[in-house]
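K.L.:
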DNA sequence: ATCAAGGTGTTGCATAAACGACAAATGGAA
DNA sequence: TTCCATTTGTCGTTTATGCAACACCTTGAT
């Protein structure tokens with residue numbers, strides 16, 4: 001389990017499963033995709049699916065978070081601080097990601113996607129906060145990350161619904177003062 | 001071994017190896033391609049290579065004959081007789097195959113390719129002859145297949161070297177009477 | 001001529017993947 | 001509702017692949 005994440009067999013099989021799922025997502029709604037569909041498309045045994053994923057919801061979780069992470073990986077979190085510029089970068093990455101997603105997938109799992117994106121944001125924000133505030137109390141950093149993740153995700157929802165005439169980087173700028181004040185008063 | 005030819009793992013791995021070999025053939029000469037190159041490109045373990053192939057020459061054999069067979073599969077040998085039309089089809093398939101091969105691979109293994117193509121031809125001719133002449137002595141069919149295979153392959157060499165101004169189907173027509181007489185007097 | 005570096009086949013063991021079977025759950029259609 | 005077909009998780013066994021190590025060859029540089 002610990003070592004097996006680099007086993008070429010595991011990497012191949014997981015990629016086959018995920019690619020097949022993404023492929024099928026372009027053809028059917030999530031609720032109509034079965035595990036059997038995926039394993040048939042991927043040409044792997046159905047039992048092997050359950051070796052890697054608990055069920056189809058677990059797969060959805062991991063596919064979405066990995067695809068989102070690839071989008072976010074363009075931003076170098078290791079170096080960048082949690083400041084105005086990085087918040088804008090993250091916001092743009094989210095809107096780009098959702099644009100790519102909606103062109104590729106049918107509707108039907110908005111709530112799940114929302115949850116996963118927000119959870120990823122929380123992880124990222126918490127990591128960045130902890131780097132900048134090593135002295136602070138951990139619980140305080142956590143709750144700040146939670147609020148930031150909800151706030152930034154909510155802003156992306158608002159942008160998609162009512163503000164698409166603005167470029168996302170312009171839209172989020174108006175929220176930056178509020179977000180930054182929360183970060184500074186952590 | 002007997003059953004395993006349908007095992008998805010075997011099919012996947014063999015395809016990975018063969019595709020990697022074809023990919024590398026476009027970049028280097030055969031003599032410069034190592035087993036290690038192939039397995040690295042294919043992201044499989046080197047020991048796994050030897051589970052499927054004796055060595056790199058065995059791989060070359062199987063890649064070439066499978067690719068050639070795909071070309072020849074367009075011709076339905078099960079139904080067609082060994083007549084003027086099918087000989088022309090086979091000849092055109094060979095010249096097409098060699099054209100595709102030389103555009104994709106570097107030089108350096110002409111003799112090997114020649115041997116493999118001729119052996120495949122022999123197998124095909126023998127199979128067709130046996131279908132048409134079930135009563136005849138087997139040894140006689142075999143030697144006829146050998147001579148046909150050498151003759152048709154030699155014609156393709158001659159065409160490539162000195163007769164490319166002619167369409168291959170035109171070129172081979174001038175040899176049809178001779179070849180057909182050998183088939184009829186089997 | 002010697003040495004170092006890299007490729008070749010081969011082996012024993014660890015583990016992922018295939019396969020077939022199963023009971024249980026789900027979901028339409030009569 | 002009942003029935004029937006399909007999907008779902010899970011299991012035990014078999015097989016293919018990964019991995020590390022090995023002795024043996026090349027080959028090129030010093």
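Protein chains in written order, with the numbering used here: chain A, 1 to 186; chain B, 1 to 186.
For glycine and all other residues, C-beta sits at the position ideal for the given N, C-alpha and C.
#1: Tell me, please, whether the CB atom of residue 168 of chain A is closer than 8 angstroms to any CB atom in chain B?
#2: Identify whether residue 55 of chain B lies in helix, strand or coil by the three-state DSSP scheme.
#3: Using a Cβ cut-off of 7 angstroms, which residues of the segment 18 to 44 of chain B contact any Cβ in chain A, in chain order?
#4: Return the Cβ separation of residue 168 of chain A and residue 44 of chain B in integer angstroms, given the expectation that the two are a contact with Cβ distance under 8 angstroms.
#5: Would you identify the three-state DSSP class for residue 163 of chain A, choosing helix, strand or coil?
#6: Short check: CB of residue 75 of chain A to CB of residue 93 of chain A, under 8 angstroms?
#7: Note down, in chain order, each residue of its chain lying with its Cβ closer than 8 angstroms to the Cβ of residue 80 of chain A, except the 5 sequence neighbours on either side.
#8: Count the CB pairs spanning the segment 29 to 38 of chain B and the segment 178 to 185 of chain A that are closer than 8 angstroms, and state whether there are at least three.
#9: Per the contact definition of three or more C-beta pairs closer than 8 angstroms, is the segment 113 to 125 of chain A in contact with the segment 56 to 70 of chain A?
#10: Indicate whether at least one CB of chain B lies closer than 8 angstroms to the CB of residue 8 of chain A.
#11: How many whole angstroms separate the CB atoms of residue 124 of chain A and residue 72 of chain A, which I take to be in contact at a CB cut-off of 8 angstroms?
#12: Quick check on the DSSP output: the alpha helix (DSSP H) that includes residue 36 of chain B runs from which residue to which?
#13: Helix, strand or coil, according to DSSP, for residue 2 of chain B in the structure here?
#14: Run the CB neighbour count on residue 153 of chain A, radius 10 Å, all protein chains shown included, and call it buried at 16 or more, exposed below.
#15: For residue 28 of chain A, which of helix, strand or coil comes out of DSSP?
#16: Going by CA-CA distance only, name the one from B:139, B:134, B:171 that's closest to residue 158 of chain B.
#17: Relative to the C-alpha of residue 38 of chain B, which residue among B:17, B:114, B:83 is closest?
#18: So, residue 130 of chain B versus residue 148 of chain B, is the Cβ gap smaller than 8 angstroms?
#19: Buried or exposed for residue 49 of chain B, please, with buried defined as at least 16 other CB atoms from any protein chain shown within 10 angstroms of its CB.
#20: Given a threshold of 16 other Cβ atoms within 10 Å of its Cβ, counted over all protein chains shown, does residue 25 of chain B qualify as buried or as exposed?
#21: Please name the residue in A:21, A:69, A:42 whose C-alpha comes closest to that of residue 96 of chain A.
#22: When DSSP labels each residue in this structure, what does residue 131 of chain A get in the three-state scheme?
#23: Is the beta carbon of residue 52 of chain A sitting closer than 8 angstroms to the one on residue 14 of chain A?
#24: Nearest CA to the CA of residue 57 of chain A: which residue from A:166, A:135, A:115, A:179?
#25: The alpha helix (DSSP H) that contains residue 172 of chain B, what's its start and end?
#26: Please report the Cβ distance between residue 132 of chain A and residue 82 of chain A, rounded to the nearest whole angstrom; I am assuming they are in contact, meaning their Cβ atoms lie under 8 angstroms.
#27: For residue 6 of chain A versus residue 98 of chain A, is the C-beta spacing smaller than 8 angstroms?
P.N.:
On the basis of the coordinates in this document:
#1: Indexing the first chain from 1 puts residue 168 of chain A at position 168. Not closer than 8 angstroms to any Cβ of chain B, the Cβ of residue 168 of chain A fails to qualify, so no.
#2: For this step, residue 55 of chain B is matched to residue 55 along the second chain. Residue 55 of chain B falls in the coil class under three-state DSSP.
#3: 43, 44
#4: Counting from 1 along the first chain, the entry for residue 168 of chain A is found at position 168. Counting from 1 along the second chain, the entry for residue 44 of chain B is found at position 44. With 8 angstroms as the limit, residue 168 of chain A and residue 44 of chain B do not qualify as a contact, their Cβ atoms being about 43 angstroms apart.
#5: Here residue 163 of chain A corresponds to residue number 163 of the first chain, with the count starting at 1. Of the three classes helix, strand and coil, the one that applies to residue 163 of chain A here is coil, per DSSP.
#6: In the first chain, residue 75 of chain A corresponds to position 75, counting from 1. In the first chain, residue 93 of chain A corresponds to position 93, counting from 1. Contact flag set, yes.
#7: In the first chain, counting from the first residue as 1, residue 80 of chain A sits at position 80. 86, 89, 128.
#8: no
#9: yes
#10: The residue you call residue 8 of chain A lines up with position 8 of the first chain. Yes, residue 8 of chain A counts as interfacial toward chain B.
#11: Here residue 124 of chain A corresponds to residue number 124 of the first chain, with the count starting at 1. Here residue 72 of chain A corresponds to residue number 72 of the first chain, with the count starting at 1. Contact between residue 124 of chain A and residue 72 of chain A is confirmed by a C-beta separation of about 7 angstroms, below the 8 angstroms threshold.
#12: For the purposes of this step, residue 36 of chain B is identified with residue 36 of the second chain, where counting begins at 1. That run of the alpha helix (DSSP H) goes 35 to 42.
#13: As a working note, residue 2 of chain B is residue 2 in the second chain. The pLDDT assigned to residue 2 of chain B is 45, lower than 50, so where the model puts this residue is not dependable; a value taken from the coordinates is nonetheless given after this. Coil, per DSSP.
#14: Indexing the first chain from 1 puts residue 153 of chain A at position 153. So residue 153 of chain A counts as buried.
#15: As a working mapping, residue 28 of chain A is identified with position 28 in the first chain. Coil.
#16: By one-based count along the second chain, residue 158 of chain B stands at place 158. The shortest Cα separation from residue 158 of chain B among B:139, B:134, B:171 belongs to B:171.
#17: Counting from 1 along the second chain, the entry for residue 38 of chain B is found at position 38. It is B:17 whose Cα lies nearest to the Cα of residue 38 of chain B.
#18: For the purposes of this step, residue 130 of chain B is taken as residue 130 along the second chain, with counting starting at 1. For the purposes of this step, residue 148 of chain B is taken as residue 148 along the second chain, with counting starting at 1. Contact flag unset, no.
#19: Translated into positions along the second chain, residue 49 of chain B becomes position 49. Label assigned to residue 49 of chain B: buried.
#20: Residue 25 of chain B sits at position 25 when you count from the first residue of the second chain. By the C-beta density criterion, residue 25 of chain B is buried, having at least 16 other C-beta atoms within 10 angstroms.
#21: As a working note, residue 96 of chain A is residue 96 in the first chain. Answer by Cα proximity: A:69.
#22: In the first chain, counting from the first residue as 1, residue 131 of chain A sits at position 131. The answer is helix: DSSP assigns residue 131 of chain A an H, G or I state.
#23: Stepping through the first chain from its first residue, residue 52 of chain A is reached at position 52. Stepping through the first chain from its first residue, residue 14 of chain A is reached at position 14. Yes; because the gap between Cβ atoms is below 8 angstroms, this pair is in contact.
#24: Looking up residue 57 of chain A in the first chain gives position 57. When only C-alpha atoms are compared, the closest one is A:115.
#25: On the second chain, residue 172 of chain B is found 172 positions in, with the first residue counted as 1. First-last of the alpha helix (DSSP H) with residue 172 of chain B: 168 to 173.
#26: Here residue 132 of chain A refers to the residue found at position 132 of the first chain. Here residue 82 of chain A refers to the residue found at position 82 of the first chain. Confirmed, Cβ separation roughly 6 angstroms.
#27: As a first step, residue 6 of chain A is located in the first chain; it is residue number 6 there, counting from the start. As a first step, residue 98 of chain A is located in the first chain; it is residue number 98 there, counting from the start. Taking 8 angstroms as the Cβ cut-off, residue 6 of chain A and residue 98 of chain A do not qualify as a contacting pair.
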